[in-house]
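So the protein lines, in turn, are chains U and F. Counting from 27, one number per residue, gives the positions in the first sequence under the working numbering. Counting from 27, one number per residue, gives the positions in the second sequence under the working numbering. Using N, Cα and C, we set each Cβ at its ideal position, and we do this for glycine too. What follows is a set of notes on a single structure, which appears directly below.
Protein chains: 2
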Amino acid sequence: MTDQKDKSVPTIADVARAAGVSTATVSRCLNAPDRVQKATRQQVMAAIARLGYTPNFGARALVARRTNTIGAVIPTMENAIFARGLQAFQETLNERGLTLLVASSQYRQDLEEDQVRNLIARGVDGLLLIGYQRSESIALECARRGIHAIIAWAFEPGRPQPAVGFDNSAAMAALTREVLALGHRQVGVISAGTGSNDRARKRVEGIRAALRAAGCAADSLHVVETTYAIDAGSAAFRELMARTPRPTAVMCGNDVLAVGAIRAARQMRLRVPQDVSITGFDDIEIATVIDPELTTVHVPHREMGRRAALALLEALETGTPPAPVELATDIRFRASLGPPPPDPRTTA
Amino acid sequence: MTDQKDKSVPTIADVARAAGVSTATVSRCLNAPDRVQKATRQQVMAAIARLGYTPNFGARALVARRTNTIGAVIPTMENAIFARGLQAFQETLNERGLTLLVASSQYRQDLEEDQVRNLIARGVDGLLLIGYQRSESIALECARRGIHAIIAWAFEPGRPQPAVGFDNSAAMAALTREVLALGHRQVGVISAGTGSNDRARKRVEGIRAALRAAGCAADSLHVVETTYAIDAGSAAFRELMARTPRPTAVMCGNDVLAVGAIRAARQMRLRVPQDVSITGFDDIEIATVIDPELTTVHVPHREMGRRAALALLEALETGTPPAPVELATDIRFRASLGPPPPDPRTTA
DNA sequence: TTGGCGAGTGTAAGCGCTTACATATTCCCA
DNA sequence: TGGGAATATGTAAGCGCTTACACTCGCCAA
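Here it is, written out as C-alpha cells:
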C-alpha cells in the first residue's frame, strides 16, 4: 500500500547527487554551515529546496545521540490546570531550539511510567514530570541514560530532586488559617484521590496541620475524595452538605472541583458565601468567571513553566542537576469566602 | 558530560548475548513472539527484564518505515475546546496500539506548517489537522510520503479532503435563526480572527447568511474580531455595548469568548438575558458552570475524536483516504438567551 | 624549491534495529 | 527408514544519517 513512497522521499544521498557533492558536505551544510564554502553551500541548499528534502529524524537521533527534544508527562490535558504552565515551558524551550513532546497519564502511575519509557525510547534529552510520587525505577532509568528529569507543580523542603514548584502543604495551610480566622469551625474538603497524587495529599495535609495548630478537633474535618472533574466536584459538594454537622466552609483541592461545588450550591439554592463558603486552588481562569468569583491559592503557572525550562536547559548544558526552586504562592481573596452564617445550623 | 551513558544503555546485541541467542531472535520475540519457541522466548524476555532493555525507537523506525505514531497539530492547548476531542482521539488510538504526538500552532499558519514538518520528520504515519485552511504544500508533502492527513472540527460540503467534522456555517446559521425568532434585530458578534481561521470565518458567514435570509439589513450586524481568550471576550463585549444602536444579542464564536462576555456583562451590571442575550459555540464544560448558563451550539467532541481516529486507522490499513464524515450539532438552550428587552433603548 | 599548514571536501564506518535468506533441526508419512 | 515439509534460529545487509580520518590543494616561510 502507498508504495509510491519508494523513490519519492529524498535522502541525503539524493541531495548530494543533485548538488554534485558528498553526503558529508550536505550534512555539514545542515549542522555546521560555516565549515563549508559559501558557493558549495548555496548549491547544496538549492538542491535541498528543489528536492524538498527533510532530514530523517530517527536516523539523525540514532547517530547524534541527541534529539533536542524534551518530554513532558502531565496528568491530564482535559482541564486547564497544566495548560498555562506547559505553554510557558514550551515557549521557553522553543526559543532555545528545543521541541516539546507531551504525553498524559490520566493521573495513573502505571500509565505515567509507560509514557516516560515511551518518551525515553524516543530519545528525549530531558523530562518534565509533575510531583514527586512515582516508582523509583524511573529515576534509575533516567540516571542510567544521563537524562535529566525535573519536577514541577511541587516543591517539598528537604527533597534533593531537581524541582521547580511550590509547597502545596504550606500554601493550603495558609488558606486554611484565613478560613479559620473568619470563624469557620466545620470544614469540608473535596480532594482528588490522595493515593497516587502527592500534590492532592499535601494539600489535605496542609489543611489538617492548620486545623491542628488552631486546636480544632480532628472530627470537625470532612474529607471527600473524588476525581478531578466539575461534575465530581458538584456531587462531592452535595455529599458534604448532607453531613451532620454541616460544614460552613468547603475547601477544594483545586479550582475545577471548586467550580463544581459552586454550581451545586447554586442548584441547591445555597448562597455563597452567606450560607456556605467555598475555596479553590490554582487560580485558573475559570476562578474569575464563576459567580461568585472564587477565593483561591494563586499559583505562578507561567513563571513555573519558564523556570522549569531554564533549569532543564542549564542541566543539559552543564550536566549537573539544578538545585530545587521554591516559588511563592499567594491567596486571592474573592467573593466566595466569607464568615460562617450567624446561625450555625449544625444539623441539616 | 554524563558519559556514563557509554556502556550502560543496553542494545539488542547485549540482550542477545545475555540470552545466548542472535539479535534476530530477540527482535522476533518483540515483534512476532509466536515465531519463536516458548523456552527461547522466556529466556530472552528474562534477559530483557534483567538488563532493562528498551528498543531504540529511532533505529526501529529507520528500518521498519512505520512508527505506529500519529501526529496532531491543534491551534492551542490553553483552552478546553480541543481537549475533549483530542482525548477521545488519543484513547481510540491507544486501544489500537498507536501513540499520539501533539503539537500546537497558536493559531498561526506558519507555525502549523513547521509543526507538521517536524512531525513528518519524526516519522508519523498519519496526521490530524484542524480545519481546511493551510498551505497546499502540506498536502503535497503528505501525499508524497504516503501519509494520511485527516481534518477535524470542520466539514464543508463538497470538499473532497478526508474530514470528520461539522458544518460550522450551518450550525451557526441555525443558532442565529433562533436568536432572530426571539425578536432580536440588532446582533453583535465576537469572533476569533477570521483571516487564518476558517472555522471562525464560517461561523460568521453562517450568521450573515441567516440574517440575510431573514431580510435583515447588513448594517444591523456588528462584528468584533479578537483572540480566543476570556479577557478578550470581555473587552470585545464592552466595545459592542458602546455601539449605537446597541446589540440586544451578542453571538460569540466560541464559549470562551462568550464566558468573557458574560463576565463583562456582570461587571457592567447588565442582566443576562433581560438586558442582553449572549450565545456561545462548542458547549465546553464551562458553559454549564457560568451563571447564567450559556445557550450554545453543542459539538459532539468525543465522537468526533473517536471517529477521526477510526477513519485514520482505516486509511492506514487500506491505503485509501476515508470519505468525509459530517457530524450533527444541536443547540442547547440555556438561560443566557431570551427575548430582547421590551424597551429597545437603541441608544446607549 | 621544498616542507608544512589550514581549509575544504570525500570516504567509509558505524549508530541499533528489522528482515530476507540461509541453515539447522524436527517430524510425518510413504 | 528416508525424503521433504515445517519449524526454529542464525547471518548479514542495509535503513539515513553524522563524523573521524584521509586526502587534495593552495599558500607561505625557510
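Candidates the options, of which the one nearest residue i by Cα
i                     : options                       : result
residue 70 (chain U)  : U:85, U:89, U:48 and U:82     : U:48
residue 169 (chain F) : F:345, F:350 and F:43         : F:345
residue 294 (chain U) : U:181, U:267 and U:183        : U:267
residue 272 (chain F) : F:302, F:251, F:331 and F:297 : F:302
residue 41 (chain U)  : U:61, U:75 and U:63           : U:75
residue 54 (chain U)  : U:43, U:45, U:46 and U:67     : U:67
residue 248 (chain U) : U:363, U:35 and U:264         : U:264
residue 353 (chain U) : U:141, U:363, U:326 and U:221 : U:326
residue 116 (chain F) : F:349, F:339, F:163 and F:87  : F:339
residue 200 (chain F) : F:96, F:73 and F:230          : F:230
residue 328 (chain F) : F:362, F:36, F:191 and F:125  : F:191
residue 316 (chain F) : U:292, U:82, U:296 and U:359  : U:292
residue 204 (chain F) : F:225, F:222, F:237 and F:176 : F:237
residue 358 (chain U) : U:305, U:330 and U:342        : U:305
residue 52 (chain F)  : F:79, F:35 and F:34           : F:79
residue 171 (chain U) : F:128, F:34, F:171 and F:131  : F:34
residue 217 (chain F) : F:286, F:270 and F:245        : F:286
residue 182 (chain U) : U:100, U:232, U:207 and U:96  : U:232
residue 363 (chain F) : F:225, F:184, F:350 and F:207 : F:207
residue 209 (chain U) : U:36, U:43 and U:368          : U:368
residue 257 (chain U) : U:289, U:120, U:92 and U:50   : U:289
C-alpha gap between residue i and residue j, whole angstroms
i                     : j                     : result
residue 308 (chain U) : residue 324 (chain U) : 5 Å
residue 149 (chain F) : residue 90 (chain F)  : 11 Å
residue 103 (chain U) : residue 274 (chain F) : 36 Å
residue 180 (chain U) : residue 365 (chain F) : 49 Å
residue 109 (chain U) : residue 334 (chain F) : 24 Å
residue 56 (chain F)  : residue 219 (chain U) : 36 Å
residue 174 (chain F) : residue 194 (chain U) : 45 Å
residue 45 (chain U)  : residue 84 (chain F)  : 27 Å
residue 371 (chain U) : residue 198 (chain U) : Since pLDDT at residue 371 (chain U) reaches only 49, below the 50 mark, its modelled position is unreliable, and no value is offered.
residue 223 (chain U) : residue 133 (chain U) : 7 Å
residue 159 (chain F) : residue 283 (chain F) : 22 Å
residue 77 (chain U)  : residue 347 (chain F) : 25 Å
residue 166 (chain F) : residue 87 (chain U)  : 26 Å
residue 157 (chain F) : residue 177 (chain F) : 6 Å
residue 360 (chain F) : residue 312 (chain F) : 13 Å
residue 281 (chain U) : residue 242 (chain U) : 25 Å
residue 228 (chain F) : residue 277 (chain F) : 14 Å
residue 113 (chain U) : residue 239 (chain F) : 43 Å
residue 38 (chain F)  : residue 94 (chain U)  : 24 Å
residue 330 (chain U) : residue 187 (chain U) : 16 Å
residue 252 (chain U) : residue 244 (chain F) : 51 Å
residue 234 (chain U) : residue 154 (chain U) : 30 Å
residue 319 (chain F) : residue 255 (chain U) : 18 Å
residue 349 (chain U) : residue 151 (chain F) : 40 Å
residue 81 (chain F)  : residue 147 (chain U) : 7 Å
Endpoints, the beta strand (DSSP E) within which residue i is located
i                     : result
residue 278 (chain F) : 275-278
residue 251 (chain F) : 247-252
residue 303 (chain F) : 303-305
Span of the alpha helix (DSSP H) around residue i
i                     : result
residue 344 (chain U) : 327-344
residue 232 (chain F) : 224-239
residue 202 (chain F) : 194-207
residue 256 (chain U) : 256-267
Residues that DSSP places opposite residue i in a beta bridge
i                     : result
residue 216 (chain F) : F:250 and F:278
residue 356 (chain U) : U:324
residue 308 (chain U) : U:324
residue 172 (chain U) : Residue 172 (chain U) pairs with nothing; no bridge assigned.
residue 190 (chain U) : U:178 and U:351
residue 155 (chain F) : F:99 and F:177
Practice task
Any chance you could list the alpha helix (DSSP H) runs of at least 4 consecutive residues sitting entirely within the stretch 39-112 of chain U, in chain order?
Solution key: 49-57, 64-77 and 83-90
Practice task
Ignoring anything shorter than 4 residues or poking outside the stretch 122-152 of chain F, list the alpha helix (DSSP H) runs there in chain order.
Solution key: 135-147
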